[in-house]
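Just so it is clear: in the sequence shown, position 10 is 1487 by the numbering used here, and no numbers are missing. The beta-carbon is built from N, C-alpha and C at its ideal position, and this holds for glycine as well. Computed from a predicted model, the values in this text were never measured in an experiment. Written below as structure tokens is the structure these notes are about.
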Amino acid sequence: MAAGNDRRTAKAEEMRHSFGFRKVGDGEKQALVDDVFHKVAGRYDIMNDLMSAGMHRLWKDAMVARLAPPRRSPVGRQWRSLDVAGGTGDIAMR
């Protein structure tokens, strides 16, 4: 009976991460997160629109306006900036 308790304790310790309403192990959680990411990646901006009721577009527009990047540099070349935050690049396209 003690061996059974040891196995349950070891199993409980392996399942130390939450994923939704489930407890999962290290390897399983990463696979589940990867699966969710690949399912939503192509529709991420639409999902943001729906979940934030469009608010994410407003704060991003406000941030870009606050930065106020010029359309042209003083020497006549087009101004360029690099969006290093990753994501879908929707801020860089503004």
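Checklist line | Euclidean distance between Cα positions of A1538 and F1496 | finding: For this step, residue 1538 is matched to residue 61 along the sequence shown. For this step, residue 1496 is matched to residue 19 along the sequence shown. Correcting the residue identity first, residue 1538 is Asp in this sequence and not Ala. Near 33 Å, if we compare the C-alpha coordinates of F1496 and D1538.
Check: Quick one: what's F1496 bridged to in DSSP?
Finding: Working through the sequence shown from its first residue, we reach residue 1496 at position 19. Paired residue(s): R1499.
Note to self: Comparing C-alpha positions only, which one of G1563, R1571, G1564 sits nearest to R1557?
What the structure shows: Mapped onto the sequence shown, residue 1557 falls at position 80. Measuring from the Cα of R1557, the nearest candidate turns out to be R1571.
Notebook entry, point to check: Around the C-beta of A1487, are 16 or more other C-beta atoms found within 10 angstroms, so that it is buried, or is it exposed?
Noted result: Your numbering for residue 1487 matches position 10 in the sequence shown. Its pLDDT being 47, under 50, A1487 is placed unreliably in this model, and the value from its coordinates should be taken loosely. Exposed, by the Cβ-count rule.
Check: Is E1549 helix, strand or coil by DSSP?
Finding: Translated into positions along the sequence shown, residue 1549 becomes position 72. Before going further, note that residue 1549 is Arg rather than Glu in the sequence given. Here R1549 sits in strand by DSSP.
Checklist line | N- and C-terminal bounds of the alpha helix (DSSP H) containing W1536 | finding: Within the sequence shown, residue 1536 is the residue found at index 59, counting from 1. Taken as a continuous stretch (DSSP letters only), the alpha helix (DSSP H) holding W1536 covers 1532–1544.
Notebook entry, point to check: How many angstroms separate the CA atom of D1503 from the CA atom of M1524?
Noted result: As a first step, residue 1503 must be located in the sequence shown, where it is residue number 26. As a first step, residue 1524 must be located in the sequence shown, where it is residue number 47. Answer to the nearest angstrom: the Cα atoms are 27 Å apart.
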